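Asker: Please see the structure below; I have some questions.
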Amino acid sequence: MSEPAIAVAGLVKRFGEVTAVRGIDFTVAPGEVFGFLGPNGAGKSTTINMLATLLRPTAGTARVAGHDVVGERDDVRRNIGLVFQDPTLDAYLSGEQNLRFHAELYGISRSVVADRIRQVLEMVGLWERRRDKVRTYSGGMRRRLEIARGLLHSPRVLFLDEPTIGLDPQTRASIWDYIRRLQRAEQITIFLTTHYMEEAEYCDRIAIMDNGRIVALDTPEALKAGVGKDRVRLQTGGEETDRAAIRALKDGFGIDAEVRDGAVTFAVARGEEFVPRLFTELGLPIRSVNLARPSLDDVFMAYTGTTIRDAEGSSRDWMRLAVRNR
Ligand SMILES: Nc1ncnc2c1ncn2[C@@H]1O[C@H](COP(=O)(O)OP(=O)(O)OP(=O)(O)O)[C@@H](O)[C@H]1O
1 MSEPAIAVAG LVKRFGEVTA VRGIDFTVAP GEVFGFLGPN GAGKSTTINM
51 LATLLRPTAG TARVAGHDVV GERDDVRRNI GLVFQDPTLD AYLSGEQNLR
101 FHAELYGISR SVVADRIRQV LEMVGLWERR RDKVRTYSGG MRRRLEIARG
151 LLHSPRVLFL DEPTIGLDPQ TRASIWDYIR RLQRAEQITI FLTTHYMEEA
201 EYCDRIAIMD NGRIVALDTP EALKAGVGKD RVRLQTGGEE TDRAAIRALK
251 DGFGIDAEVR DGAVTFAVAR GEEFVPRLFT ELGLPIRSVN LARPSLDDVF
301 MAYTGTTIRD AEGSSRDWMR LAVRNR
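Okay, structure coming up:
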């Protein structure tokens, strides 16, 4: 197997008395979309800043695109793209001029720059608007331009800190569409932080961070399967058959069911495998079946004791400080 895109071992960050990151370990495979979720102050921004070489770890190691974030900082920087919270586009320049400026900063060779600018602008659907000043762009267009800029120097790993915060759901969905397409087209690894559960669903794997530690790490599916059972609602067509169904579920499967809102309701592991058995083994008429899975909100609640909504809002000022003080 090829080397991980990100490999973190025993990573710690202390700010004086505060230990923001308390020894975390994880790896991210090349081409993965990896999401970091957690309440305010969990240590997400501190972690992403260490991986992006903007903050120096207190202890432990992190390798990004095969290079050490402390010992080979310049190599890491050449191989990563950053799309962070602070908007740093120049609103009085056109989209294309912003990218040219970035290309110069990164020393991208003149012979390839025009082609590459076209490529990334087309990827995020802004080629037609390239000559317009950024101040005429919508919030979603600016974000797409920032993503295009983060990709300009063909990074192996793209870091996105809350890529869609403050955007409406439709724009968020379209940004994700672009992120997914980019990831396929460029085969890059994407590491992002988010507060939005539906956004976490797009990730191949998610790490939930709380109080400086990773408390859960898996695919969204596995995390949901881990917190609880699926909920099945069954309609049999009558009170008598409902009662018979409750008995049959108890006797045949050892399941406790009850009638709720006119449907026989119960919890079961791997509901999608259980429902077909109902049809063949229950021996009663079934008029409809509804299967609901635990959501990532349930997962978040189970691991952090708060809802993701409570965790919204932000203490981003720390990150700005960290970026400025680098
Ligand atoms: N430069 C700093 N100096 C002192 N303490 C800091 C600094 N940066 C972060 N912290 C502290 O470290 C902890 C983790 O902060 P961090 O910003 O990494 O959390 P987060 O998970 O990104 O939160 P949010 O979702 O609010 O952005 C917090 O207690 C924060 O106050």
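Per full-length UniProt numbering, numbering of the sequence shown is gapless, rising by one per residue and ending at 326.
Quick reminder that beta carbons are idealized off the backbone N, C-alpha and C, glycines included.
None of these values were measured; they are calculated from a predicted model.
Leaving out five residues before and five after ALA248 in sequence, what residues of the same chain have Cβ atoms less than 8 angstroms from its Cβ?
Answerer: LEU282, GLY283, LEU284
Asker: What first and last residue would you give for the alpha helix (DSSP H) that runs through ASN98?
Answerer: 95-105 is the span of the alpha helix (DSSP H), which, as asked, contains ASN98.
Asker: Which of helix, strand or coil does DSSP assign to GLY38?
Answerer: GLY38 falls in the coil class under three-state DSSP.
Asker: Expressed to the nearest angstrom, what Euclidean distance is found between the alpha-carbon atoms of ALA7 and GLY16?
Answerer: 26 angstroms
Asker: Starting from LEU82, trace the alpha helix (DSSP H) both ways and give me its first and last residue.
Answerer: It is not in any alpha helix (DSSP H) - LEU82 instead sits in the beta strand (DSSP E) that spans 80-83.
Asker: Where does the unbroken beta strand (DSSP E) through PHE22 begin, and where does it stop?
Answerer: The identity of residue 22 in the sequence shown is Arg, whereas the question assumes Phe. Taken as a continuous stretch (DSSP letters only), the beta strand (DSSP E) holding ARG22 covers 18-28.
Asker: Quick one: what's got a C-beta closer than 8 angstroms to PRO87's C-beta in the same chain, skipping five residues either side?
Answerer: Around PRO87: ARG142, GLU146.
Asker: Among residues of its own chain, excluding the 5 on either side of PHE266, which ones have a beta-carbon nearer than 7 angstroms to its beta-carbon?
Answerer: VAL232, LEU249, ILE255, ASP256, ALA257
Asker: So, with DSSP's three-state summary, where would you put ASP261?
Answerer: coil
Asker: For ARG172 versus MET123, is the C-beta spacing smaller than 8 angstroms?
Answerer: no
Asker: By how many angstroms is the C-alpha of ASP68 removed from the C-alpha of GLY60?
Answerer: 11 angstroms
Asker: At which residues does the alpha helix (DSSP H) containing GLN183 begin and terminate?
Answerer: That run of the alpha helix (DSSP H) goes 169-186.
Asker: Tell me which residues share the same chain as GLU96 and place their Cβ nearer than 8 angstroms to its Cβ, disregarding the 5 neighbours each side in the sequence.
Answerer: Closer than 8 angstroms at Cβ, skipping near neighbours: ILE117, LEU121, ARG130, ARG131.
Asker: Going by CA-CA distance only, name the one from LYS44, ILE208, THR280 that's closest to PHE159.
Answerer: LYS44
Asker: Could you please give the first and the last residue of the uninterrupted beta strand (DSSP E) stretch that includes ARG205?
Answerer: 205-210
Asker: Would you tell me roughly how many angstroms separate the C-alpha atoms of ALA65 and PHE36, rounded to the nearest one?
Answerer: ALA65 and PHE36: Cα-Cα distance of roughly 18 angstroms.
Asker: Would you decide whether PRO276 is buried or exposed? Buried here means 16 or more other CB atoms lie within 10 Å of its CB.
Answerer: exposed
Asker: From which residue to which residue does the beta strand (DSSP E) around LYS13 run?
Answerer: 6-15
Asker: What's the gap between the Cα of LEU82 and the Cα of LYS224?
Answerer: Answer to the nearest angstrom: the Cα atoms are 30 angstroms apart.
Asker: Excluding five sequence neighbours on each side, which residues of the same chain lie with their C-beta closer than 8 angstroms to the C-beta of ASP218?
Answerer: Counting only Cβ-Cβ distances below 8 angstroms, and skipping sequence neighbours, we find ARG205, ILE206, GLY226.
Asker: What I want to know is whether the C-beta of ASN40 ends up closer than 7 angstroms to one or more non-hydrogen atoms of ligand 1.
Answerer: yes
Asker: Per DSSP, HIS67 is paired with what?
Answerer: DSSP lists VAL64 as partners of HIS67.
Asker: Looking at the strands, I want to know which residues DSSP matches up with ASP230.
Answerer: VAL268
Asker: Quick one: measure Cβ to Cβ for ILE208 and GLY38, integer angstroms, because I've assumed they're closer than 8 angstroms.
Answerer: 6 angstroms
Asker: Below 7 angstroms CB to CB, which residues in the same chain sit around PHE26 once its five sequence neighbours on both sides are set aside?
Answerer: VAL8, ALA207, ILE214, LEU217
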